[in-house]
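K.L.:
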Amino acid sequence: MTKQRPATAVFGQEEATAAAELLRNGGLVAFPTETVYGLGADACNEVAIAKVYEAKGRPVGHPLIVHLSDSSDLARWTTSQDVRVSKLTTAFWPGPLTIIVPRTDLVSDAVTGGRPTVGLRVPDHDIARSMLGAFGGGVVGPSANRFGHVSPTTAEHVLADLSGRIDAVLDGGPCHVGIESTIVEVLGEGPVTLLRPGATSVASIEDCLGELVVDGRSGPSRAAGMLASHYSPNAIVRLLGSDVVLGERAAPDVATIRPGGTEVGGHREILLPVDDAGFARGLYAALREADSWNVREIVVVAPQEGPMVEAILDRLQKAAA
Ligand code: TXA
Ligand code: MG
């Protein structure tokens, strides 16, 4: 006998307080951020956290980042006294930067997968911060998709993956940035290490700190978002450096996503803005749409220039893996 799941409630943007109340009662609430929608649960409630893993189909032990309404309560979460952490939080929070730091004993193993570190972030999104402020504590927030799938940038995307598996989604409209936060690790005396590129550029972090950031993406740590075949639609994704070779690929079971600006798109073709930020904002919705056509292959031509290109290529390479 299949167990009947209760329907997922959809909260309007003025219902952040109701969302906070549901979190307080151990519920799962997807919420908007500037990057992608997160799947929220009380970071101090291990039963609720276990439900997050179950709803996403995420392997246990894969650590979760904690979302806070501001940086006033950092000492609750981290033992770090590193001046680089306060420089980064002052410069980039609220914003699309997750900082991995040594955790306090108050942080549950369920959040960190038993690691001695915790990822912290203050999202730059009014509705998210209203919810977090009303909740008053830390909220875990992995992207609100089934494990390995493309992250959601609208409430509809969340429901497509998780309807009936979570208590509610707080609908804040489309996410402005469109791909997940930059992740850096700040531990001990060592250099600041990049684990995932995002909208907060490495160059801006280096400017802020006056030191170089090391690329940790091939190291052992590491953000499990680095797993190959992450961020994947069902179709095969092929990444092209330019649209010169596109003609060869115009088969009936192939979709194309490319920067096209105001051009008119052809059959099974999605044109995104030519600027890197606009392309990033629309990319995940385009991948989901192309996938809904049940094509065999999605060919993506990425923009070549701009601060978001590294993050765009990172996600597309994972989708293509
Ligand atoms: O933009 C974002 O960061 C979104 C929104 C919702 O805030 N969240 C997000 O969460 O992308 P998630 O769980 O899908 O990706 C966070 C990544 C995961 O790959 C996780 O393994 C890694 O961060 N991570 C979290 N805590 C970590 C830790 N202590 N050490 C190393 N990696 C960590
Ligand atoms: Mg994710």
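First residue of the sequence shown: 428, per the working numbering; consecutive thereafter. Ideal Cβ positions, reconstructed from N, Cα and C, are used throughout, including at glycine. Since we're looking at a predicted model, the values are computed, not measured.
(1) Inspect the beta-carbon positions of VAL512 and LEU501 and report whether they are closer than 9 Å.
(2) Pick out whichever of ALA477, MET558 and THR516 has its Cα sitting closest to the Cα of LEU449.
(3) Can you tell me the Cα-Cα spacing of ARG715 and PRO521, whole angstroms?
(4) In angstroms, rounded to a whole number, what distance separates the CA positions of ALA626 and ARG742?
(5) Could you have a look at THR689 and say whether DSSP puts it in helix, strand or coil?
(6) Would you give the residue range spanned by the beta strand (DSSP E) that ARG530 belongs to?
(7) Rounded to whole angstroms, what is the Cα-Cα separation between GLU441 and PRO459?
(8) Give me, in chain order, the residues of the same chain whose beta-carbon lies closer than 7 Å to that of SER631; leave out the 5 immediate sequence neighbours on both sides.
(9) Exposed or buried, which one is MET428 when buried takes at least 16 other CB atoms within 10 Å?
(10) Just to confirm, are LEU455 and ALA555 a CB contact at a threshold of 9 Å?
(11) With 16 as the cutoff for other CB atoms within 10 Å, does ALA655 come out buried or exposed?
(12) Can you tell me whether VAL701 sits near the ligand TXA, meaning its C-beta is under 8 Å from at least one heavy atom of the ligand?
(13) Would you say HIS576 touches the ligand TXA, meaning its beta carbon is less than 8 Å from a heavy atom?
(14) Using alpha carbons as the reference points, say which of GLU696, GLN731, LEU740 and GLU461 lies closest to GLU724.
(15) Going by C-alpha distance, which of VAL726, GLY563, LEU636 and VAL641 is nearest PRO679?
P.N.:
On the basis of the coordinates in this document:
(1) Yes, Cβ-Cβ distance for VAL512 and LEU501 is below 9 Å.
(2) MET558
(3) Going by the C-alpha atoms only, they are around 28 Å apart.
(4) The C-alpha of ALA626 lies about 12 Å from the C-alpha of ARG742.
(5) coil
(6) Unbroken run through ARG530: none, as it is neither H nor E.
(7) 13 Å
(8) Contacts found: none.
(9) In this predicted model, MET428 has a pLDDT of only 48, less than 50, meaning its place in the structure is not dependable; the value taken from the coordinates is given anyway. By the 10 Å Cβ count, MET428 comes out exposed.
(10) No. Outside cutoff.
(11) Low local confidence applies: a pLDDT of 49 at ALA655 is under 50, so the model's placement there is unreliable, and no value is given.
(12) no
(13) Remark: the shortest separation between the CB of HIS576 and any heavy atom of the ligand TXA does not fall under 8 Å.
(14) GLU696
(15) VAL726
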